[in-house]
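Here's the structure, in structure tokens; my notes come after.
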Amino acid sequence: MMKLARIDPGERGRGAFARRRQRSYLNLALLLSRAHLAKVSHEVPTVEELKRQAALSAFSASVHVQVQSLIEKLTRDQKPYLELHLRDSTAAFLIRVWHDQPCFVFCLQLRPGDAVSISGEFAFNPNFGLETKEWSARFLAPEECASLLAGPERIRAKQAADYEFILASANSLRDPRLRLLSTRFLEEFGDRFRRSAAARNYHHARRGGLVEHVAQMLRSAEALATVYTDLNRDLLLAGVLFHDSGKMWENCYPKESFEMPFDVRGELVGHISIGIELINRLWSQLRAAQEFTGLPDSESVRLHLIHLVAAHHGEKEFGSPVEPKTPEAIALHFIDNLDAKLEVIFSAYATGHRLNAGVIERVRPLPGNIVMPLPGFEDADSTEPSSERPNS
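Going letter by letter, the sequence shown gives residues 1 to 392 in our numbering.
See below:
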């Protein structure tokens, strides 16, 4: 009891210490964000970068975006205003244009698909999200439009590297039946694949997001197959490649727009059924071309691959017509779920609404508020030359 009494006075200082530490975290995040924006100052910042910076402090910038929709409304006083929905390849935001703002007349002429530059002061409002003050707008020049649709350089480079990794993974399959099927798929649908998103709202919900999702899942599957050596590595990797192939119709962007249309085929059939149909079609083409001549038991390979696609949601409740019944189907389900959930939480760290320095407001489909991760341990001696380190 005496020991507890001695530390009681220190308890009074903990609150002040915690507040100072919280301010230090916020100041550090602000400095890092500003340093990042300074690094890319030669480029137009993305909407995602705007949201990340605005969550820390207001700042002035110009952003290039495409008009998703323009809705005319009336205030309670019956005065007109506009809701202007804008986005680029990374994220979307809304601007309310009041009737007495200088840009009101300009915005009245905008149509979905128009590409514009918005310049002003950006800030985060807890109730309305990203807001713009004292702003102006103009149409983008043709070369600016082309750059906008292509996406920022870092994302283009990442998706290009991811697609090369997917090609290499398909060509690395030792089973000739799965290798032929996978390479035929990429040859025929590669362009559409690279324009598709992995989801409409939650994870990898952007042009090229399906490529990023599949590439990361392939890396996970490859690592898992080296630990669980009884897994059929070729079947698992082919399952990763095809598991969301139906989203090339359900979640595909047009070549000149960030607005993802709704597809009748995707609505009536769904991406799992479309993926199964795609495998059967490609398989029939290869069989008709006698590509499988001399190869054993090809029908079993087709059925096992279809099962991976059919079961990858894990439960009938979540849209799978059948639950996983093979080791590869179980592995694929968990790899898919893991990559989707981690993408959501890492994106929330960058752009989510902070409730305080260590807590971010819930982002669906995660079950609750998000807590900042524990930093990795850094040895204080790790930067010293090895000759100066003490012997262990």
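From the three backbone atoms N, C-alpha and C, an ideal C-beta is built for every residue, glycine too.
For residue j and residue i, believed in contact at Cβ under 8 Å, the rounded distance
| i | j | result |
| --- | --- | --- |
| LEU140 | LEU149 | So it is not a contact: roughly 10 Å between Cβ atoms. |
| MET260 | ALA157 | That belief does not hold up - the Cβ atoms of MET260 and ALA157 are roughly 23 Å apart, past 8 Å. |
| GLY352 | VAL309 | Actually they do not touch by this definition, with Cβ atoms about 32 Å apart. |
| ARG403 | THR46 | Within the shown structure, residues of the chain are numbered from 1 to 392, placing residue 403 beyond reach of any answer. |
| GLY443 | ILE272 | Because residue 443 is not part of the residues shown, which for the chain are 1 to 392, the question remains open. |
| HIS203 | VAL344 | 5 Å |
Neighbourhood of residue i by C-beta, 7 Å cutoff - its chain only, sequence neighbours within 5 removed
| i | result |
| --- | --- |
| ASN391 | Bear in mind that the predicted position of ASN391 carries a pLDDT of just 45, short of 50, making it unreliable; the figure below should be weighed with that in mind. Closer than 7 Å at the Cβ level, and outside the excluded window around ASN391, lies no residue. |
| LEU236 | ALA221, ALA225, GLU328, ALA331 and LEU332 |
| ASP339 | HIS213, GLN216, MET217 and SER220 |
| THR75 | TYR81 |
| GLU378 | none |
| LYS316 | GLU323 |
| ASN125 | GLU131 |
| ALA29 | Only weak support is given to the placement of ALA29: the predicted model assigns it a pLDDT of 44, under 50, and the value that follows is read from those uncertain coordinates. Here the set comprises LEU56. |
| LEU167 | LEU186 |
| SER41 | Bear in mind that a pLDDT of 41 at SER41, under 50, signals an unreliable position, so the model cannot answer this. |
| ALA61 | PRO45, LEU50 and PHE122 |
8 Å Cβ cutoff met for residue i and residue j
| i | j | result |
| --- | --- | --- |
| LEU181 | TRP283 | yes |
| GLU43 | GLU153 | yes |
| HIS312 | ASP336 | yes |
| VAL63 | LEU50 | yes |
| SER136 | CYS107 | no |
| HIS99 | LYS73 | no |
| MET248 | ARG192 | yes |
| ALA350 | GLU48 | yes |
| LEU303 | ALA238 | no |
| LEU56 | LEU110 | no |
Option in the options with minimal Cα separation from residue i
| i | options | result |
| --- | --- | --- |
| ALA92 | ASN369, VAL116, ALA223 and VAL65 | VAL65 |
| ARG354 | THR46, GLN53 and SER117 | GLN53 |
| LEU210 | ASN201, ARG195 and TYR349 | ARG195 |
| GLU256 | GLU299, GLY151, TRP135 and GLU83 | GLY151 |
| ARG364 | GLU378, LYS341 and ALA357 | LYS341 |
| ASN127 | ILE345, SER117 and LEU94 | LEU94 |
| ARG138 | GLU144, ILE155, ILE118 and ASN171 | ILE118 |
| ARG233 | SER169, GLN285 and GLY270 | SER169 |
| GLN101 | GLY190, LYS133 and GLN159 | LYS133 |
| ASN171 | GLU299, VAL116 and LEU241 | LEU241 |
| GLY129 | ARG96, ALA160, GLN109 and ILE155 | ARG96 |
| GLY314 | HIS243, LEU366 and ALA380 | HIS243 |
| GLY270 | GLY319, TYR228 and GLN285 | GLY319 |
| ALA160 | ALA146, ASP230 and GLY190 | GLY190 |
| ASP88 | SER300, PHE258, ALA348 and GLN285 | PHE258 |
| LEU84 | ASP114, ALA61, SER60 and ASP77 | ASP114 |
| PRO373 | ASN356, LEU366 and PHE346 | PHE346 |
| GLN285 | VAL105, VAL116 and GLU188 | GLU188 |
| ASN201 | LEU366, ALA380, ASP162 and PRO375 | LEU366 |
Chain-order list of residues whose beta-carbon lies under 6 Å from that of residue i (same chain, five-residue window excluded)
| i | result |
| --- | --- |
| ALA123 | ALA54, ALA58 and GLU131 |
| GLY368 | ARG362 |
| ARG184 | LEU282 |
| ALA199 | ALA205 |
| ALA348 | ILE360, VAL363 and ILE370 |
| ASP162 | VAL211, GLU212 and ALA215 |
Chain-order list of residues whose beta-carbon lies under 8 Å from that of residue i (same chain, five-residue window excluded)
| i | result |
| --- | --- |
| PHE165 | ALA215, LEU218 and ARG219 |
| LEU86 | VAL47, VAL65, GLN66, VAL67, GLN68, ALA92, PHE93, LEU94, ILE95, VAL116 and ILE118 |
Any non-hydrogen atom of the ligand SAH closer than 7 Å to residue i Cβ
| i | result |
| --- | --- |
| GLU131 | No copy of the ligand SAH occurs in the structure displayed, which carries no ligand at all. |
Open item on the list: Below 8 Å, how does it come out for the segment 289-309 and the segment 175-188: are there three or more Cβ pairs, yes or no?
Closed with: Touching, yes.
Open item on the list: Pairs of beta-carbons, one from the segment 266-275 and one from the segment 243-255, closer than 8 Å: are there three or more?
Closed with: Flag = yes, the segment 266-275 and the segment 243-255 touch.
Open item on the list: So, does the segment 305-325 touch the segment 216-226, judging by three or more C-beta pairs under 8 Å?
Closed with: No: the two stretches stay apart, fewer than three of their Cβ pairs being nearer than 8 Å.
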